[in-house]
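Notes to accompany the following structure.
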Amino acid sequence: MDTTILDDFAWRIEFPVLQEQLGLKKGDGYGQEAEAMAVQAEAIGRPKAMYRVGRIESRGASHVVIEGRTFTSRVLAVNLEKVHRVFPFVATCGAELDEWSTSFTSALEKFWAEAIKGMALGASMRALAEHIKDQHRPGDLSMMNPGSIESWPLTENKALFSVLGDPKESIGVELMDSYFMKPGISASGMWFPAEHHFENCMLCPMQNCPGRRAPYDKKMYERRYGKD
Ligand code: SF4
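Every position in the sequence shown, counted from 1, becomes a number in my numbering once 1062 is added.
This is the structure:
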């Protein structure tokens, strides 16, 4: 199996972005404390990611078979209708930062540490996307993630991990019996070249989500995917 592992890329925490996210001012005591944590995290952290090129071997109205594993989702099947290869991936903030974050006891520091781990995960996702674009020239990439929309539940992480081999051994991400991942600040999914750009958020009605990347389109499911 040809998986690519990215575990040695340069990354850094943009402190002004972190500061804004945490509602802190650089000059005050809290700002200085958070900056010291960010500097420590940069020294310790090793965000990582892995992916492979997956061939679509067969497909139906609500499933696709990729490298011998069946993925069941009406939305995934329709999004991949004209696609022949996908890029299944797992990315993580890394076990090093996850361990580091357990050393904090105050609620405030724990909150900052989670935000810092989120930035490390963001760095690994960016490194992954850049690598895929650079190596495979897929054109505009869309992404789907198990558990982000009703049509593709978290249980699909089992097939996703299987198609990647052993993410625990390769990058330290374990799939638990609950289908959540450990470290918790990890992401799994598939990137694919899409005729119509797709974001999970287009099908997600969650209100006031700080991570929203596209408006909710309540008629989109019926219009594009019909009924399962
Ligand atoms: S709106 Fe928020 S919860 Fe819903 S898919 Fe987008 S990022 Fe995820």
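For glycine and all other residues, C-beta sits at the position ideal for the given N, C-alpha and C.
Nothing here was measured: the structure is a model prediction, and the numbers come from that model.
Contact between F1254 and V1126 is ruled out by a C-beta separation of about 10 angstroms, above the 8 angstroms threshold. The Cβ atoms of M1205 and G1273 lie no closer than 7 angstroms to each other. Within the segment 1148-1195, there are no complete beta strand (DSSP E) runs of at least 3 residues. Of the residues G1288, I1075, L1138, the one whose Cα lies closest to the Cα of S1210 is L1138.
Leaving aside the five residues that flank A1185 on each side, the residues in its chain whose CB is nearer than 6 angstroms to its CB run, in chain order, W1073, P1109.
Under DSSP, L1068 shares a beta bridge with A1111. Counted as a single uninterrupted DSSP element, the stretch harbouring P1255 is not any alpha helix (DSSP H) but the beta strand (DSSP E) occupying residues 1248-1255. The distance from the Cβ of I1178 to that of M1099 is about 6 angstroms, consistent with a contact at the 8 angstroms cut-off. Here the distance from the Cβ of M1268 to the nearest heavy atom of ligand 1 is below 6 angstroms.
When the alpha-carbon of P1150 is set against those of T1167, I1067, H1258, the nearest one is in I1067. Counting every other CB atom within 10 Å of its CB across the protein chains shown gives F1173 a total below 16, marking it as exposed. V1152 and I1233 do touch by the CB rule: their CB atoms are close to 7 angstroms apart, below 8 angstroms. Counting other Cβ atoms within 10 Å of its Cβ, F1242 stays below 16 and is therefore classed as exposed. The closest heavy atom of ligand 1 lies less than 6 angstroms from the beta carbon of S1210. Closest by C-alpha distance to C1263, out of K1220, A1256, V1115, R1275, is R1275.
Of the residues assessed, C1271 falls on the exposed side of the cut-off, its CB having fewer than 16 other CB atoms within 10 angstroms. In the structure shown, R1275 adopts coil according to DSSP, grouped into three states.
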